Amino acid sequence: MSARPIATTRSAAGMPTARLAVWWIIASEIVIFGGLLGSYIMHRLAHGVWADYAAATNPWIGGFNTFVLLTSSLMAVLGHQAAERGDGPRAAKMLYLTCGGGLLFICVKAYEWTTEISHGMTITANTFWSFYYTAAGIHALHVIAGCIIMLFVAQTAKKNLELHRVEIIGIYWHFVDVVWIFLFPLLYIAK
Amino acid sequence: MSAHEAHGDEFYVKTWAILLVLLLISVLGPLLGHPVLTLITAFGIAVVKAYLVAVRFMHINLTPRFVTYAVATTLVFMLLFFAGTAPDVMKNHGTNWVKPAWIQAEAAYAAEVASGAAGHHGAGGHGEAPHGGEAAPAHH
Amino acid sequence: MAETIHVGHAEEHGHHDHHEMSFLEKYVFPLDHKMIAMQYMFTGMFMALIGGFFAYAFRMQLAFPGMDVPFWGVVTPADYNALVTSHGSVMIFWVAMPVLIAAFGNYLIPLMIGADDMVFPKINRLSYQIFLISAIIIIASFFVEGGAFGGAWTAYPPLSTKAQYSLTPIGSTMWITAVALEFVAFLLGGINFITTAMNSRAPGMKMWDIPMVVWMIVIASILFMLSVGPLLAGGIMMIFDQQLGTAFFDPDRGGDPILWQHLFWFFGHPEVYVVLLPAVGIVAEVMTVFSRKKLFAYKTVLYTAIGTGVLSFTVWAHHQFIAGIDPRMANVFTVTTLLISVPIAEMMFVYIATLYGGKITLTTPMLWALAFVFEFLIGGITGIFLGASGNDIYMHDTYFVLAHFHYTFYPIAIIGTYAGFTFWFPKMFGKMMNDGLGKLHFWLTIIPFNLIFLPLFVLGASGQHRRIYDYTNFPELAQPWQQDLRQLATISLVVMLGAQVIFFYNVIKSWMSGPPAGKNPWNSGTLEWTATSPPPHGNWPEGLPTCYRGPYEYSHPDHDKDYWPQNEPA
Ligand code: HEM
Ligand SMILES: [Cu+2]
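Chains as they are written, first to last, in numbering that gives the first Met the number 0: chain E, 0 to 190; chain F, 0 to 139; chain G, 0 to 569.
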């Protein structure tokens, strides 16, 4: 499509369309994670024995991954600032760094899961581990999806085009970060 | 976005530094092993971190007010879901039903804790109750 | 603000490059909201035929047990379960949702708010494609080993999670996958609807100038978005239970089957308002035009809809009164359930007040709109019986419940759709429909509809349980008068399905050779009637309209004509 509809360029609600939309996406994501984590918390509170299962997770790995995501969030927001100033190439660079953070996160996860699975803590070991893999897995899918979209955004941003997208993907990325901020204590350090 | 042009890059770096300090606290706090402290350091700090990210990185306070309301509404609805569901899910028996496997597993765990043997057996191997499949059926 | 500059800039230029579009671009992978609406509309209608055929097959079995049903054959118990399950799922997820929300939403929102398209045409197209895939999956599940899932549209575990109970190892997973994909499709669509309506209104269109049906579709999309999340998560958990052997819903291994019921109904109840509200909006548009009156209490209707939406999140466990839920919770949910009938009743009163003293013309769309109020009232009132938990202990899972929700869903999904379709047909196809055939079709649909479901109330009250393959095995349910009522219901169903031929004939005939409709055949005031019929790509190539007043300025004392279009300067 050569140009977007006029509809897309209007902003009767007082904010650009894409930003409005990303907030609605976040709202719908909150309830997806909310339903899952709500179900997890109920079980967690009902079973004392889950504290033992949770003790087998590695908070240092989880903490390191939190650090990675927080840092990548910083990169995303710096990219947004660069885009605000009209500096496309720097915005793109920041997005690539953000993606790098996402990649590192996934690699650490892969290592962590391999270790756990090889120690018998598989998704069917018990319901705690089912929740553990399901919640972290859905979150990891969001990380991967965010990275892929970010690569596309960076491609255009590099040419100083569609710079408003840098902010949009950034907001989404921060949300993925926030989800992890809650997953981390829920899965790793509540014992 | 005129409103947040006021902040330079240092503002974001500073926010990031605060987040890292909070992260450190939330990892170290629970190591002390005090339940109340764990709750505060793990979950209280998660809320603070999320707030910082939402406000300082996502600029939720610079978007029209209804966005905050929409996000708050989703959270309220999730609390509602929890409040309506937890009373059933968290019980191991109720009107005309019991969950024998749950009862067994918890009893075994309580005995273990009482004898001081509660160790770290992460996988739990066989799920909730080792004999779950053969558990005595609920008698009505 | 960089965006503001951008806005002014784009408005001047317009966006349509007039290159000729290929057939594929125009009809198979369109970006135009009207064409996507038509895809949704006709896919939905096709699925309605499939769902209707399923109903025909299993109703024949109930009325004439063991018979060789024409076009199906002998209905086996497994067939019966698969047919009932698929009927319910198809009608709710693949008929009511695509037609009421997606088709009307896509068609009406841009046209009624004076925009040239949806804000994200590509996401819009993607939404339809995901929806289509989900529809294909649900139909395909009939042809896999073990057949289609038969554990009811509510899919309670363990029937849905354990293949040794359901006997449909592949079908159950296809069912939940199809449902989850459908949810994703409508999440994408819903974000488009909400954002478009919030951001892309014509200059001058204030909050209270938005036509009611647009409001309703937007509120419905928000309700959907806020309620479906937990069930999407639950769907993933269910797939894992089925295929990976996790035990989220298995109490013997640490899970809980009631959790699924909560996840399901936390979505399931708001979902009934998701489909209700668009129908309410459609009927509001039709009623104001054909009684030449302002919609009574516009703002009250709006606040009521929002209030109903919020309340609808607090009633879900009324579906679980006999599931063994905490009795204290049953009290709470009884109270909230009885409360929610108040705003619903109020909306019905608003319609009656709108009609009161109006110049009523009984066109086909108006007949459908009136029938909506009449029939939906029966559905709403019987809901109150069921909401009282003490009574529901006896009524639950009987045909009384079944008749209740058909008296709500049928008016919504079928009557509401026909009201909207016949009303906007001139706009969609540029031709008038034949009113005589329309009325014939109306009566041949409405009368059999009542003859199907009124007997089912009686049967339900006499103790007839749902989801039973053959009542002859239950002497107290196989008395001659009961079997007579079953046959009455089934024969009425066949008549009603047959009458739909009139509708399709009317559509095709009018489309081919009906009289031209012109821009505004009903003398309506809302913006879509100021575009040509059918509107071209971009809707108003000569320039998008500006809005000066509310949508329902009929019989205004200060105006010479009896309607006052929204785009006419004062
Ligand atoms: C006027 C307010 C309403 C009230 C008080 C009400 C109440 C109820 C109650 C208590 C039940 C559970 C009965 C049982 O399973 O024992 C029920 C079932 C049902 N209702 Fe309603 N209802 C209302 C409106 C609606 C509307 C507007 C719709 C549809 C658009 C609807 C659709 C359904 C469906 C589909 C079921 C049965 C689901 C199943 O078990 O398969 N209801 N209703
Ligand atoms: Cu309900």
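Cβ coordinates follow ideal geometry from the N, Cα and C atoms, glycine included.
Model, not experiment: these values are computed from the prediction.
Could you work out which residue in the options is closest to residue i when comparing CA atoms only?
i	options	result
S461(G)	N449(G), L337(G), I411(G), L484(G)	L484(G)
V309(G)	A322(G), A219(G), W71(G)	A219(G)
S10(E)	I359(G), I100(G), L231(G), A196(G)	A196(G)
Y417(G)	L401(G), M431(G), G437(G)	G437(G)
D31(G)	G101(E), P4(E), M74(E), G87(E)	P4(E)
Y470(G)	A370(G), M59(G), A352(G)	M59(G)
G203(G)	P550(G), T545(G), E567(G)	T545(G)
I102(F)	G253(G), Q128(G), Y106(G)	G253(G)
I324(G)	I392(G), M347(G), D67(G), E270(G)	I392(G)
F63(E)	K108(E), A50(E), M120(E)	K108(E)
R55(F)	H138(E), L96(E), L77(E)	L77(E)
M237(G)	D86(E), M120(E), F130(E), Y95(E)	F130(E)
M120(E)	A54(E), A139(E), H46(E), G47(E)	A54(E)
So what does DSSP say about residue i, is it helix, strand or coil?
i	result
E11(G)	Here E11(G) scores only 42 on pLDDT, less than 50, and its place in the model should not be relied on; the value that follows carries that caveat. The answer is helix: DSSP assigns E11(G) an H, G or I state.
Y553(G)	strand
H5(G)	Because the pLDDT of H5(G) is 37, which lies under 50, any placement of that residue in the model is unreliable, and the number read from its coordinates should be weighed accordingly. Helix.
G121(F)	Model confidence at G121(F) stands at a pLDDT of 47, short of 50, so the residue's coordinates are unreliable; what they give is reported in the following sentence. The answer is coil: DSSP assigns G121(F) none of H, G, I, E or B.
P447(G)	helix
K298(G)	helix
H464(G)	strand
T531(G)	coil
Y355(G)	coil
K92(E)	helix
P515(G)	strand
Y164(G)	helix
Y470(G)	helix
Y187(E)	helix
L19(E)	helix
Y562(G)	strand
M204(G)	coil
A58(F)	It is worth fixing the name first, because residue 58(F) is His in this sequence and not Ala. H58(F) falls in the coil class under three-state DSSP.
V76(E)	helix
F266(G)	helix
W214(G)	helix
Which residues in the same chain as residue i place their Cβ atom closer than 6 angstroms to its Cβ, once the five residues preceding and following it in sequence are excluded?
i	result
T16(E)	T7
Does the beta-carbon distance from residue i to residue j come in below 8 angstroms?
i	j	result
V212(G)	I281(G)	yes
F148(G)	S165(G)	yes
F57(G)	Y79(G)	yes
F103(G)	P210(G)	no
V47(F)	L27(F)	no
F127(E)	Y52(E)	yes
I257(G)	V88(F)	yes
F266(G)	P229(G)	yes
I414(G)	A370(G)	yes
V372(G)	M347(G)	yes
T53(F)	I59(F)	Thr is not the amino acid found at residue 53(F); the sequence shown has Ala there. Taking 8 angstroms as the Cβ cut-off, A53(F) and I59(F) qualify as a contacting pair.
K426(G)	E552(G)	no
I31(E)	L231(G)	yes
T336(G)	G378(G)	no
M173(G)	I136(G)	yes
F81(F)	G37(E)	yes
Residues in the same chain with beta-carbon distance under 7 angstroms from residue i, minus the five sequence neighbours each way, listed in chain order, please.
i	result
T42(G)	P97, L131, A134
M46(G)	V89, W93, V94, A134
Using a Cβ-Cβ cutoff of less than 8 angstroms, which residues in the same chain neighbour residue i once the five nearest sequence positions on both sides are dropped?
i	result
I501(G)	L436, L439, H440, L443
E345(G)	T299, T303
G51(G)	L496, Q499
P64(G)	D469, Y470, T471
G7(G)	Here the model assigns G7(G) a pLDDT of 37, short of 50, so the residue's position is not dependable and the matter cannot be decided.
List, from N- to C-terminal side, the beta strand (DSSP E) runs of 3 residues or more that fit wholly inside the stretch 72 to 112 of chain F. Runs of the beta strand (DSSP E) inside the stretch 72 to 112 of chain F: none found.
Ranges of the alpha helix (DSSP H) found wholly within the stretch 53 to 95 of chain G, counting only runs of at least 4: 76 to 88
Alpha helix (DSSP H) runs wholly inside the stretch 372 to 449 of chain G, at least 4 long, in chain order: 388 to 394, 398 to 408, 416 to 428
Which residues, in order along the stretch 30 to 60 of chain F, keep a beta-carbon less than 8 angstroms from a beta-carbon of chain A? Structure shown: chain A not included; protein chains present are E, F and G.
Please specify which runs of the alpha helix (DSSP H), each continuous and at least 4 residues long, are wholly inside the stretch 96 to 178 of chain E, giving them in chain order. 126 to 157
List in chain order: all unbroken alpha helix (DSSP H) runs of 4+ residues lying wholly within the stretch 13 to 62 of chain E. For the stretch 13 to 62 of chain E, whole alpha helix (DSSP H) runs of length 4 or above, ordered along the chain, are 16 to 45, 49 to 54.
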